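J.: For the sequence shown, position 10 (counting from the first letter as 1) is numbered 1138 according to the numbering used here, and the numbering increases by one without interruption. Positions of the beta carbon are idealized from the N, C-alpha and C atoms, including for glycine. Values in this document were obtained by computation on a predicted structure and should not be read as measured data. Okay, handing you the structure first.
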Amino acid sequence: MEEFYKLSIKEKLKGLKESAFSSLELTESYLQKI
């Protein structure tokens, strides 16, 4: 899984809009980091 926490907020928003990754993937990456 990608290291989403390294992306800026703008990059995350762009990735979600372009379906580069899902909100579920983004959330799971943060939960795994905790």
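Excluding five sequence neighbours on each side, which residues of the same chain lie with their C-beta closer than 8 angstroms to the C-beta of SER1151?
T.: Here the question's residue 1151 lines up with position 23 in the sequence shown. Non-local C-beta neighbours of SER1151 in its own chain, meaning closer than 8 angstroms and more than five positions away in sequence, comprise LEU1144, ordered along the chain.
J.: Which residues in the same chain have their Cβ closer than 8 angstroms to the Cβ of TYR1133, if we skip the five residues on either side of it in sequence?
T.: Within the sequence shown, the letter at position 5 stands for residue 1133. If we look at TYR1133 and ignore the five residues flanking it on each side, its Cβ neighbours are SER1157, TYR1158 and LYS1161.
J.: Where does the unbroken alpha helix (DSSP H) through SER1151 begin, and where does it stop?
T.: Residue mapping note: residue 1151 aligns to position 23 of the sequence shown, counting from 1. Note, SER1151: alpha helix (DSSP H), 1151-1161.
J.: Quick one: grab the DSSP three-state call for PHE1144.
T.: For the purposes of this step, residue 1144 is identified with residue 16 of the sequence shown, where counting begins at 1. One point to set straight first is that residue 1144 is Leu, not Phe, in the sequence displayed. DSSP places LEU1144 in the helix class (H, G or I) of the three-state scheme.
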